[in-house]
Each structure stands twice: as structure tokens, then as C-alpha cells.
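Protein chains in written order, with my numbering: chain A, 124 to 277; chain B, 9 to 263.
All residues carry an ideal CB built from backbone N, CA and C; glycine is no exception.
Here the structure is a predicted model, which means the values were calculated and not measured.
Before any comments, here is the structure.
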């Protein structure tokens, strides 16, 4: 989870690894500031995400996300026909292309909420944005995706 | 077609991510750099402890683990008290599963069929009186309960003799120590050559690392003593009213 978060934010495997190393080290050294009884995971994730953001700022790199190979795709139930599998694969590929084409901040909020399945509060912590900003950017990002996919209401 | 949000959630589960790297050695090396010299020996011991957990696979090898622990002087007793934790909440009324938040009760056979590992338990206790699959199911955990009997005294307020909880994961001593609370003491022990911790008093929360190296939180269920240790890829915890030596004997006979 920490590594995937760092990967989505930093945009490369090497930067994500650096972010995790630095983040875990800082978390260890900052243990005295951890509030006992508070949820532990978001705290660590926030520190790692912060490192990942620093990596991104310094390198302004961006890697497009990619799908696993088609035969490993989750198909949700009974084995589909080859035609249906191809269709589902194309649908997902199209959706991923749309996500990849979003501007970075929109892509990040989509990634946190749907790919990492973080709550709004956790997303705000991880990205360092106010919760209101998370909500408004998410809404804007979903609108843009619908627009690109030709699903926008008239 | 499902709505966009549902499709995005499904897409997230099919994304290609790089494999999570082995971070143990590099994090350990950073902790050992000059900045760590500011710490006293207690922190050095904790720094060694961070290396023993699953931030990476390197430390899955006992020889490596022992070498690093030895280098940092992590031998013998490690006791820490932490002030200002809140009091644990009382166990709610209801069935055993509800009171102890143990998940879904099943037969031993059903539990074994649902899990990817062979369930280990102290052979001297015999088969458990009740078996629960922990929730969420992804944790792949099982809880085994033994009723009180002559060799297994009642644990206060629970009606249980002994509770064993087992799931894939590793103990994460530095964070775990901090979350134990002011009324618990911790002693490092060895169980069959593996790192273990004897916790007495009234511990608070239990923090461990799941197989992905991410910290997770759990609570102690009984108001008794606990022994936590790593066995293979799993983390096993016994809670009971037994003393340290008796519990260690149970743990050493767990397979």
C-alpha cells in the first residue's frame, strides 16, 4: 500500500522506492510525535506520500499507468467468452487512457479514491489538500472522464 | 454498463504495479547513519527491531536476522512503558464471537479449507473448543478458543481459557511497543528460534505488519497475558491467564 501510494504519486518505481525508504526512516524518527491511540496506517502513509510528492517536484516525471496482461484481468464471475473478454479489456484500456490523460492533480485524486481505495479524509491527508479541495477536484476529474468517454449528460 | 465510479474501482484492481521492493536493508542502513548516533541505546535496540520485521524479505532468513540483532545488541529484555494512552474499552455483551470480535464461527475443517496455510496450535492443548475465521477474510486469519479447565484458568471477564490468533504477518516491535500502553510490560523472548514478545499487564492496541509490509491495527481480546511470535510467514498470538513459562511451553509445542 505504501509503495503503491508512492508509485502513483512519484510516477516511477525508483522514486517510489526512495520515497518509501525516506518515509519509513522519517516515520521511525518521528515516532515520539505519533499520537497514541490514533490510526497508525494513515500516519505512515502521509509521511511516505509527502516524500513521494517531494520526489515528483524535483523531477516532474510522469509514468502512465498500465494494465496487467489481459488473461489476468478480473472478470468478476463465470469465465467470459473470448469476445466479451476482448470487449471488457478494451473498455478498461479506454478508461485507463482517459485517466492517464487527466492533468496530474486530477489523476492523483482519482488514483487515491478508486485505485488505492482511500477515504476522502485519507486522500486529503495523503495529498496534503483540504477535504473540500479533494471533493471538488474529484468531481471535476469525474466530469472530465465522462466527457472523454462520451458519457456526459447533455 | 456500471457507473463510472464502479468501473474505476474495478480498473484499480487490474492495474500493473512494480513489485514492492525489499526495503529492509536500505531503511536499516539509513537508520544506522550518523543521525542515529543521537539516539541512546534504547533507540538503537528499536532500530535493530525495525530490521527484524517485514519491511523486506531479507530478514526472513534467521541467520541474517540474528546477525543484525546481535550487531545492534538486541538481546535479552526490552521493556518500555508509554504514558497517556486511553483505557481500553470494555468488552461488549453478547456471544463469544461478538464480545471478542472474533469473526465467523466455523468448524476446524472449514477454517482449514479456507486458509492457505496449515493452522498451527499448541498440541498439548488438544483441538480448540471453538474456531472463528477473522474478518475481513482477506486477512486470512483464524482464532482458536479453548474453554477454561483445570490446566487453563479462566481469563478475567471473558469466560475463555485461552485464545490463539494466527494470520500472515509480522510483528513490528518499535511501533508495537508504543501502542501497548502504560499498563503493559514487554519482554523479548525466543520461540523455537524465532523472535517473540511476552506481554503482561493490560495492553492496549496491537500493531503488526501485513504481508505487504503495511501496518495494521488490532486489539488484544482478553484481560490476560499475551505471547506474540513469528512462525514462518505467520504471526501467532496466545492470550490467556497462564504465566510466561507455561505459555512459552505452549508456544514451543505449536505446530
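- Close CB contacts of residue 218 of chain A within its chain, under the 8 Å cut and outside five residues either way in sequence, are with 268, 272 (chain order).
- The three-state secondary structure of residue 214 of chain A, taken from DSSP, is helix.
- Taking 8 Å as the threshold, the shortest C-beta distance from residue 146 of chain B to chain A does not fall below it.
- In this structure, residue 241 of chain A keeps its C-beta atom at 8 Å or more from the C-beta atom of residue 233 of chain A.
- Between residue 178 of chain A and residue 133 of chain A, the CB-CB gap stays under 8 Å.
- Per DSSP, the beta-bridge partners of residue 239 of chain B are B/242.
- Between the alpha carbons of residue 131 of chain B and residue 141 of chain B lies a distance of about 20 Å.
- Our two residues, residue 149 of chain A and residue 115 of chain B, have alpha carbons roughly 45 Å apart in a direct line.
- For residue 126 of chain B, the three-state secondary structure derived from DSSP is coil.
- Taking C-alpha positions only, residue 128 of chain B is separated from residue 251 of chain A by approximately 44 Å.
- Measuring C-alpha to C-alpha distances from residue 259 of chain B to each of B/12, B/208, B/204 identifies B/204 as the nearest.
- Taking residue 125 of chain A as the centre and dropping the five residues before and after it, the same chain places the C-beta of 143, 146, 147, 167, 168, 171 closer than 8 Å to its C-beta, in chain order.
- Closest in C-alpha terms to residue 252 of chain B, from the list B/157, B/235, B/262, comes B/235.
- Residue 138 of chain B carries a strand assignment under DSSP once its states are collapsed to helix, strand and coil.
- Note: residue 257 of chain A is not bridge-paired with any residue in the DSSP secondary-structure output.
- Under the Cβ criterion of 8 Å, residue 22 of chain B is counted among the residues facing chain A.
- Excluding five sequence positions before and after residue 244 of chain A, the CB atoms of its chain that fall closer than 7 Å to its own CB belong to 254, given in chain order.
- Nearest CB-CB separation between residue 26 of chain B and chain A: below the 8 Å threshold.
- What residue 171 of chain A touches in chain B, judged by beta-carbon distance under 9 Å, is nothing: the nearest beta carbon there is about 10 Å away.
- DSSP, reduced to helix, strand and coil, places residue 24 of chain B within a strand of the structure shown.
- The three-state reading of DSSP puts residue 172 of chain B in strand, counting E and B together.
- By the Cβ neighbour-count rule, residue 11 of chain B is exposed, with fewer than 16 other Cβ atoms within 10 Å of its own.
- Residues of the segment 224-236 of chain A with a C-beta atom less than 9 Å from some C-beta of chain B are 233, 234, 236, listed in chain order.
- Fully contained in the segment 223-273 of chain A are the following alpha helix (DSSP H) runs of length 4 or more, in chain order: 227-233, 243-250, 254-271.
- Cβ neighbours of residue 250 of chain B within its own chain (closer than 6 Å, five residues either side excluded): none.
- Cβ-Cβ separation between residue 188 of chain A and residue 23 of chain B: approximately 6 Å, consistent with a contact (criterion under 8 Å).
- For residue 140 of chain A, the residues of chain B that pass the 7 Å Cβ criterion are 29, in the order they occur in the chain.
- Residues of chain B whose Cβ lies closer than 9 Å to the Cβ of residue 260 of chain A do not exist, since the nearest Cβ in that chain is about 14 Å away.
- When rounded, the separation of the alpha-carbon atoms in residue 235 of chain A and residue 17 of chain B is 11 Å.
- The beta carbon of residue 240 of chain A sits closer than 8 Å to some beta carbon of chain B.
- Taking 7 Å as the cut-off between beta carbons, the residues of the segment 207-218 of chain A near chain B are 215, 218, in sequence order.
- Secondary structure at residue 228 of chain B: coil, using DSSP grouped into helix, strand and coil.
- Closest in C-alpha terms to residue 216 of chain A, from the list B/219, B/214, B/119, B/19, comes B/19.
- Secondary structure at residue 204 of chain A: coil, using DSSP grouped into helix, strand and coil.
- Chain-ordered, the chain A residues with CB closer than 9 Å to the CB of residue 13 of chain B read 236, 237, 265.
- In this chain, the alpha helix (DSSP H) harbouring residue 129 of chain A covers 125-133.
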